[in-house]
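Each residue of the sequence shown is one higher than the last, beginning at 431 in the working numbering.
Quick reminder that beta carbons are idealized off the backbone N, C-alpha and C, glycines included.
In what follows, a structure is listed as structure tokens, so that the remarks can point back to it.
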Amino acid sequence: MRTSVVWGIVILTFVLLAGIGYGSLAFMMRKSEGMGAIPPETVADYVHAIIEANRTVYATEIVDKLQEKGIAEAAEHWRRENALPLPAQFLIETGRLVAEKGNGVKYRLASLTPIYVWNAPATDFERKGLEAIAKDPSKPYTGFVHIGRERYFQAIYPDIAVAQACAACHNAHPNSPRRDFKLNDVMGGVVITIPMGQ
């Protein structure tokens, strides 16, 4: 009973946060009457603010609190272990749900030192962006890219170790190519992709 209640709360929160983020994006992308379209840089900033807020609320209000009370644990293999997803996995899962909408908007985590190969930079633009935000995390790396015949705006924001647990998890992971992360280090980036048409 206790586990099913916890999972019910987690799933409801997960769906609400993902829905709020997606609904807000749809509103921002709409062209307002009498106003021009919102610049893609601004839309990317809004999307990033939503992602960051969702992840912070999940990490502090759900994972931390449930772990402190001994009700549930977060684990890398959360599906198999009947545990909560780690905060990074929460971001990955919400990004997957947004991508499934089929409107071309996507976001994901990427790193120059990924634990898993699918989190490596997928393009030269992503690699350059991750290098740039590692040197200067005060601003995102942005630009226009082509994927197939479509034109997209991409923004890469720093993914910072906001808790010692973030750094410790990466440092201790058997697949990690880097084991010296500290609190507030840039561990990678959040890559946001917004369609711009042909």
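Minimum C-alpha distance to L521 - residue among I622, M626, G627:
Working through the sequence shown from its first residue, we reach residue 521 at position 91. L521 has its Cα closest to that of I622, out of I622, M626, G627.
Give me the DSSP bridge partner(s) of Q584.
Start at 1 with the first residue of the sequence shown, and residue 584 comes out as number 154. In the DSSP output, where bridge partners are listed per residue, Q584 has G573, T623.
When DSSP builds the beta bridges, which residues end up paired with I590?
On the sequence shown, position 160 is the one that residue 590 refers to. Beta-bridge pairing links I590 to V616.
Spatial neighbours of P544 in its chain, beta-carbon cut-off 6 Å, leaving aside the 5 residues before and after
Start at 1 with the first residue of the sequence shown, and residue 544 comes out as number 114. Around P544: A550.
Under 7 Å between C-beta atoms of I563 and G500:
The count along the sequence shown starts at 1 and reaches residue 563 at position 133. The count along the sequence shown starts at 1 and reaches residue 500 at position 70. Their beta carbons are not under 7 Å apart, which means I563 does not touch G500 by this criterion.
Please work out which residues of its chain come closer than 7 Å, Cβ to Cβ, to E511, disregarding the five sequence neighbours upstream and downstream, and give them in chain order.
Reading the sequence shown from its first residue, position 81 is the one you call residue 511. So the list reads A505, once near-sequence residues are dropped.
Taking the alpha helix (DSSP H) that R557 belongs to, which residues open and close that run?
Taking the sequence shown and counting its residues from 1, one reaches residue 557 at position 127. 554-565 is the extent of the alpha helix (DSSP H) around R557.
Need the endpoints of the beta strand (DSSP E) that R538 sits in, please.
Here residue 538 is taken as the residue at index 108 of the sequence shown, counted from 1. Unbroken beta strand (DSSP E) run through R538: 536-540.
Put L527 into one of helix, strand or coil per three-state DSSP.
Locating residue 527 in the sequence shown gives position 97, where the first residue counts as 1. Reduced to three states, the DSSP call for L527 is helix.
Residues in the same chain with beta-carbon distance under 7 Å from F611, minus the five sequence neighbours each way, listed in chain order, please.
Here residue 611 refers to the residue found at position 181 of the sequence shown. A591, A597, H600, N601, M617.
Per DSSP, what are the beta-bridge partners of A504 in this structure?
The residue labelled residue 504 in the question sits at position 74 within the sequence shown. Paired residues: L514.
Express the C-alpha separation of N605 and Y546 in angstroms, rounding to a whole number.
By 1-based counting over the sequence shown, the position of residue 546 is 116. By 1-based counting over the sequence shown, the position of residue 605 is 175. Roughly 7 Å between the two C-alpha positions.
Leaving out five residues on either side along the sequence, give the residues of the same chain with a beta carbon under 7 Å from the beta carbon of Q519.
Within the sequence shown, residue 519 is the residue found at index 89, counting from 1. Excluding sequence neighbours, Q519 sits near W508.
Is H603 helix, strand or coil when you go by DSSP?
Taking the first residue of the sequence shown as position 1, residue 603 is located at position 173. Coil at H603, not helix or strand.
Residues near A585 in its chain [Cβ-Cβ closer than 6 Å; skip 5 each side]:
As a first step, residue 585 must be located in the sequence shown, where it is residue number 155. Closer than 6 Å at Cβ, skipping near neighbours: A474, P570, T572, I622.
To the nearest whole angstrom, what separates the beta carbons of P517 and Y582, a pair I think is in contact under 8 Å?
Numbered from its first residue, the sequence shown carries residue 517 at position 87. Numbered from its first residue, the sequence shown carries residue 582 at position 152. Not really, about 26 Å apart at Cβ, beyond 8 Å.
Test item: CB-CB of E503 and Q497 under 7 Å
Numbered from 1 along the sequence shown, position 73 holds the residue referred to as residue 503. Numbered from 1 along the sequence shown, position 67 holds the residue referred to as residue 497. The answer is yes: Cβ separation under 7 Å.
Among residues of its own chain, excluding the 5 on either side of A513, which ones have a beta-carbon nearer than 8 Å to its beta-carbon?
Translated into the one-based positions of the sequence shown, residue 513 becomes position 83. Result list for A513: A502, E503, A504, A505, H507, in chain order.
Looking only at its chain, what residues have a beta carbon closer than 6 Å to the beta carbon of G559, apart from the 5 residues adjacent to it on each side?
Along the sequence shown, one-based indexing puts residue 559 at 129. So the list reads Y571, I586, once near-sequence residues are dropped.
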